[in-house]
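1 is the number of the first residue of the sequence shown in full-length UniProt numbering; add one for each residue after it. All residues carry an ideal CB built from backbone N, CA and C; glycine is no exception. Take a look at the structure below.
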Amino acid sequence: MNNNNLRPLHLRILFPELLTLPKTDPRRLGPPIDITNSKAVDLELYTYFAFLIRDFIHPWYRLITTDQDLTTEIMKILILVVQKLEKRLRYEVDWTELILIDIPKLLTLHYHDYREAKIRIHMNHGSGSNSVAELFHGMQPHYALEPIEHREFEYLRLMTEAILRILLESKDYESSCVRQLVREILSNLVLFNLIESLADPYTIHMIICKLLAAYEPKLDELEASGKFAQTYFSALTNGKPQSDPFQPKAKKEEEKKDESLTRQMQRLQEKRRLQGQEIVVETDEPEADSFASRRQRFSFGYIILQVFLAPIRSFWTYLVATFTQSQERYQRVNQHKKLTGQMRMIEPIMEFFYAACLVQERPLLQFAWQMLSMFFWPIIRVFGGGLLIDKFLEQTVLHLLSEDHVVFYLRLGIDLLWPNGEFMERSEPTTPLQREQMRVRAERLLTISIPPSVGYILFETKDLNQLQSHIHDILEPIQNKKINKHLLYFLVDLILTKVTRWYWLNYEWKWFNLPLSVQFILKLGVLALFNILLLLFNSNNEDTDLEGRNLYIQGIANRAAQLAIANTAIAVALSAKLSIVQRYFYCIQDTLGWHPWFSRLAFVEALYHGTYQFQYNYHRQDSNVLLTLTTNIRYMTGTGLLLAMITLVIGSHPLIRRISYRLFRWTHLLGLFTFILLGCLHHWAFYVFYAAVLVFWIVDQIDRSFQVDVCVLESMPGNIVKVQAFVPYHVSNPTPGQFAFLSFSSSWFHAWIGSHPFSICRFDYVSKEDVEGHGESQFPLSNESLENQVLTFYIKAFGKRTLSFYQKAVNQERVKLRISRPLGRPQLDLSGSEYGDYKTIVLIADGVGITPWISVLQYVHKKEHTIKTRSVQLIWSIHTIDTYHAFEKELLEFTSSLQQIEVNVHIFITGHTSDLEETLREPIPFTLKYCKPNYPLLLNDIQGDDVAIGVCAHDVTRIHNLALARSWAIHAERFQL
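Shown next, in the form of structure tokens:
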């Protein structure tokens, strides 16, 4: 065999210059350029690229020139498209929701409509349709499948161009030549042929055979023993024993024909591998050679053990951590990021199972099914069984999306598009005999893969031929290619809606100093519309009571009061910071963002109710305002409740919070206690409000603050106070960007009503011996876990209280302090990604707003060798150079010692400086400019797509929109606490 054929395909076609290198050169052993985080996946992607360029670029391009420039440029574009697509698929698609909820619902609808169309055709109720496919198209119409010439190609072009608008660079997308070339490759060559192949029942049966290949020996044994009925091609479906090596060649050829088709495919794949049409990694390591061909088998037992043993493992690791002080190990093992917000994920699967297996046609099984769903399943959910099942299903999805499975799926796509190494349109079509053979083979493999007990319960028989007949009925809705195309196109549309998010919906505008996005406005509009519909839903339109009041208007007013109570209860629940909602479901920044809007809705509804009641009573009291407001206990308490809500609305205004945070806290507590005291006297419906107060707010106040025994104050330049608090608890997994409530008093009551949130600058550890040896003026800090933890804060002396606090730092006075636990879970996207999950981190801050980003620098410094980050850009705007000197030590500590990560710090001084030499103590190792930062220009200099931005600046709305335009992940500190 020619040695050239043994060389990897992607090297021979895409990178022929690498073949001149020695075989031991590392550049020949793997992909030349990393596309994803997996080299095995990269090799499969390069195989796709090689086949595309070999079959659709080289045939016409090599007639013009032998230059490789076009191939290189196409490669760069395809790599960029795949990288951006991978980022969206990883971080923006909820695969658990897609696989366990959306796809089962789509399949259930497909099965239901197919069987409905079949019944209507057989009963001559087809509405003029001549076939099941035509009637099915009428039930599930799709633009791509309209009976118009080239409509399918047109749809794929439009869809691909919409994707390229997001994935391509602007200069490439604006080039019509590049855009149309890439569009035709992806739409007409890849997507069209892939859909055409996947819609073919023969392909579906072949995939089933590949997935159930482990059962083939058992099937061959059963067929040989006569357990399955004989067919006219039984000789082809039964495997034959190996022939003697000395048999004539003609006899060997006959035995090859008698091989099962699945075995023939396996033999052809092995032949392809030996011919170099499948990637072979040239390496001396046996693990690297075998990795490409191995794939972990799906194991229910393995996943069940993961789910059930996880609590035991966490408990054991906690005990080990308690005795060994290894908290980092405990948190790393115990941490579990829930990848989806969905619950009860088993139900869509069971609905599809109910429809596919025709449970409704078996009365006994249907009765058992209904009993299970009505009685046993609710009990299972109550006792935590539903949560375990959800965890099991989530682990199953993670298993199906693991690296080796993704490699298997990519290879399966290559086998579908390029069978035997040739493009599918050029290969020989399958014969009816082969199609029928593959169908029977797939049905029989499915039959024997079902446990006998399950098969008997579902189909009430143990006969293999009858079971195969039931399997045939289950697979019947996917036996028509035209109908399967409907399913595939709807599936493509579903995935497309999740991948191509509308970023313009997240663009923000500042209205009255309030940043609002289109998406947030739409959500708010839906919430307001829902409240309006509940208000207007009343059947008494014309009835009146004995006093002549219109009961319809009275009903609206009463309903407005009830909605006001409900919205207030929700607002109270969302204001909690340590409740179960913030711990396990939503970040505190998300819940607090909706807290004021539910409060405003409640205020508007309460105001409508109050004005209606006062207006009606005003005429009854002869226009006496005082008597109107104090007629009885209900009017008196109603007046007090409205005044309390007005106090809450005014006290929560950003201007009040900026002038005096203490006034904001006092007005909120005063309004809340007024609600609690007067509500029970006004109406019994306030018990709904009390439930929210008891479950969320009061529980949230318990264990809110801790007394700090050791607290070090240091006055810094720029009227900044550095606070180092020796906290009495341990933070096992500190997250950069968290905050804590501080109260400069030892009183628990004062901490409850007068605490203030501050961003945590850094997390450090210190031993008690170091504290005793150095006193309370200073103690050495370490990133390693010792005995106790120190939290560092930087506080700008701005108001009356902070100025007095700064004076205490100057005088080195001893202060008393109470501190809460670190709060917040700053996340960059819906999947909970951290800063270390991105190659480039951009941190933008104004003044003391650099505090949370110092904690990010500490995080990068601590995990330099384990995170993905390779570049950090810090853009910092300050008014005077004094602010820089306050943070100089922290910046130098975390930037100068990084070895593998490039750090660029850009400092912009926006104030007037009279004497630069006196202002600067010594030259600084960072870029220093005396102007305002030009954010569009600075962000344009940042290359790549894998970028995370953290913003703690006044111009947050503009930066937020610039990041969205580049599809970057962003987290903004908006000081909404």
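Cβ shell of residue i (< 8 Å), same chain only, five flanking positions each side left out
| i | result |
| --- | --- |
| residue 151 | 143, 144, 145 |
| residue 688 | 565, 566, 569 |
| residue 942 | 840, 842, 873 |
| residue 901 | 860, 864, 869, 870, 871, 872 |
Spatial neighbours of residue i in its chain, beta-carbon cut-off 7 Å, leaving aside the 5 residues before and after
| i | result |
| --- | --- |
| residue 114 | 136, 477, 483 |
| residue 241 | Model confidence at residue 241 stands at a pLDDT of 39, short of 50, so the residue's coordinates are unreliable; what they give is reported in the following sentence. Here the set comprises nothing. |
| residue 277 | Since pLDDT at residue 277 reaches only 43, below the 50 mark, its modelled position is unreliable, and the value read off the structure follows with that caveat. Same-chain partners within the cutoff: 9, 421. |
| residue 686 | 565, 679, 680 |
| residue 620 | none |
Where residue i sits in the DSSP three-state scheme
| i | result |
| --- | --- |
| residue 716 | strand |
| residue 737 | coil |
| residue 950 | strand |
| residue 916 | In this prediction, residue 916 has a pLDDT of 47, which is less than 50 and means its spatial position is unreliable; what the coordinates show is noted afterwards. Note: residue 916 maps to helix in three-state DSSP. |
| residue 817 | strand |
| residue 216 | helix |
| residue 129 | coil |
| residue 453 | helix |
| residue 221 | helix |
| residue 229 | coil |
| residue 33 | coil |
| residue 706 | strand |
| residue 823 | strand |
| residue 338 | Any reading at residue 338 is ruled out, since the residue's pLDDT is 47, under 50, leaving its predicted position unreliable. |
| residue 897 | coil |
| residue 865 | coil |
| residue 799 | coil |
Beta-carbon proximity of residue i to residue j, cut-off 8 Å
| i | j | result |
| --- | --- | --- |
| residue 416 | residue 160 | no |
| residue 459 | residue 446 | no |
| residue 869 | residue 944 | no |
| residue 842 | residue 947 | yes |
| residue 760 | residue 738 | yes |
| residue 89 | residue 169 | no |
| residue 755 | residue 804 | no |
| residue 951 | residue 850 | no |
| residue 795 | residue 710 | no |
| residue 846 | residue 954 | yes |
| residue 749 | residue 820 | no |
| residue 199 | residue 481 | yes |
| residue 442 | residue 205 | yes |
For residue i: DSSP bridge partner residues
| i | result |
| --- | --- |
| residue 711 | 725 |
| residue 846 | 877 |
| residue 757 | 741 |
| residue 794 | 722 |
| residue 789 | 727, 765 |
| residue 665 | In DSSP, residue 665 forms no bridge with anything. |
| residue 981 | Nothing can be reported for residue 981: it is not among the residues displayed for the chain, which extend from 1 to 977. |
| residue 840 | 871, 947 |
| residue 361 | DSSP, once it has assigned bridges, lists no residue as partnering residue 361. |
| residue 902 | 871 |
| residue 969 | 948 |
Cβ-Cβ separation, residue j to residue i (assumed contact under 8 Å), whole Å
| i | j | result |
| --- | --- | --- |
| residue 792 | residue 724 | 5 Å |
| residue 833 | residue 91 | 6 Å |
| residue 535 | residue 560 | 6 Å |
| residue 393 | residue 350 | At roughly 11 Å, the Cβ-Cβ gap does not stay under 8 Å, so residue 393 and residue 350 are not in contact. |
| residue 809 | residue 743 | Going by Cβ atoms, the distance from residue 809 to residue 743 rounds to 17 Å, so no, they are not a contact pair. |
| residue 10 | residue 47 | 6 Å |
| residue 423 | residue 55 | 5 Å |
| residue 1042 | residue 219 | No statement about residue 1042 is possible, as the shown extent of the chain runs from 1 to 977 and does not include it. |
Contacting residues, own chain, Cβ-Cβ under 6 Å from residue i (five flanking each side not counted)
| i | result |
| --- | --- |
| residue 930 | 909 |
| residue 904 | 873 |
| residue 958 | none |
| residue 195 | 488 |
| residue 324 | With a pLDDT of only 47 at residue 324, under the threshold of 50, the placement of this residue in the model should not be trusted, and no figure is reported. |
Closer than 7 Å: residue i CB and nearest the ligand NAD heavy atom
| i | result |
| --- | --- |
| residue 53 | The ligand NAD is not part of the structure shown, which contains no ligands of any sort. |
Chain D contact for residue i (CB, 8 Å cutoff)
| i | result |
| --- | --- |
| residue 451 | Here chain D cannot be found, since the structure has a single protein chain. |
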